[in-house]
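Visitor:
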Amino acid sequence: MGRCRFAREDELEKTLDEVNCLYWGTSLLGMVYTFIDEMLKTGNLPRLRLVCAALAIPDDPNNDLGANYLIEERISGKFVKYINNNSGREAVIGLFLCFVQHVQYHLTNNMVYLSDFQGSGNLLTDCQVLTGSAFMNNFGGGNCTSAFNSFRTTHICNKFCRVFGLQPFSRDADNTRTSQPG
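Numbering (the numbering used here), first residue to last: 14 to 195.
1) Relative to the C-alpha of residue 80, which residue among 24, 164, 175 and 166 is closest?
2) Given a cut-off of 8 Å, decide if residue 140 and residue 129 are closer than it, judged by their beta-carbon atoms.
3) Per DSSP, what kind of secondary structure is residue 186 in: helix, strand or coil?
4) What first and last residue would you give for the alpha helix (DSSP H) that runs through residue 159?
5) In the DSSP assignment, find the beta strand (DSSP E) that holds residue 142 and state where it starts and stops.
6) Buried or exposed: residue 31, going by 16 or more other Cβ atoms within 10 Å of its Cβ?
7) Going by Cα to Cα distance, which pick from 36, 29 and 62 is closest to residue 134?
8) Are the stretch 154-168 and the stretch 85-99 touching by the rule of at least three beta carbon pairs closer than 8 Å?
9) Looking only at DSSP bridge pairs, what is residue 94 linked to?
10) Can you say whether residue 201 is buried or exposed, counting buried as having 16 or more other CB atoms within 10 angstroms of its CB?
11) Could you tell me how far apart the beta carbons of residue 45 and residue 117 are, in whole angstroms, since I believe they sit closer than 8 Å?
12) Between the Cα of residue 67 and the Cα atoms of 123, 103, 125 and 34, which residue gives the shortest distance?
13) Please classify residue 192 as buried or exposed, where buried requires at least 16 neighbouring CB atoms within 10 angstroms.
14) Among residues of its own chain, excluding the 5 on either side of residue 160, which ones have a beta-carbon nearer than 7 Å to its beta-carbon?
Rendered as C-alpha cells:
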C-alpha cells in the first residue's frame, strides 16, 4: 500500500496550511512564555516549544507529482496527545497546555488559540490554530470554528490559570474541578 498524494495544487495548499500553523503556533507559544516570565520571574513550569520546520518545494519542472515536503525536527521518545486523560508528567503538561490556551485566548483579545497539542518531551508538533469564522480560511481544515466558539463554555480554569490570575469565564466561576480539554 503506497502513500496517497494530493494533486500538486492541493498538496502545496495543505502543506502551506501546516507551515502557517507552525509559524503562528511558535509565536503564540512564545507570547505565553513572555506572559509567564513577566508574572512569575522564576518557575518550575513545563518549558515546551514547537518543532523547527521548513517547507521544501523541489525545483524540478519534470516532477509531475508536484511533491512538497514539510521537514520537521526529529521527535524521539513516546509520542503523546497531551490534552486528554493522561497521568503523571503528561497530565501536568496537559493541564499546563489548557492554561496556555486560556492565556493565548486572553492575550489575543479572544481571537485565537492553539489546540491539538501532541509531541514528546518538550517538543510539540501538529498544533492547530483555532479562530472564529472571520479567520476560518487562514489555517486550513484543522481550524475548528465550533470548538473555538465554545471555548468560553468548555474551558475550565485549573491551578495554572488561578496562579497566574486569569479570570474564569462566567460559566466556570462556581466550578472547582480541575481542567478539562480547552
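C-beta: ideal position from N, C-alpha, C; glycine also. Just so you know, these numbers come straight off a predicted model, no measurement behind them.
Guide: In short:
1) 24
2) yes
3) With a pLDDT of only 42 at residue 186, under the threshold of 50, the placement of this residue in the model should not be trusted; the figure read from the coordinates follows. Residue 186 falls in the coil class under three-state DSSP.
4) 158-162
5) 141-144
6) buried
7) 62
8) no
9) 131
10) Residue 201 cannot be examined here, being either before or after the span of the chain that is shown, 14 to 195.
11) 6 Å
12) 34
13) Here residue 192 scores only 38 on pLDDT, less than 50, and its place in the model should not be relied on; the value that follows carries that caveat. By the 10 Å Cβ count, residue 192 comes out buried.
14) 128 and 143
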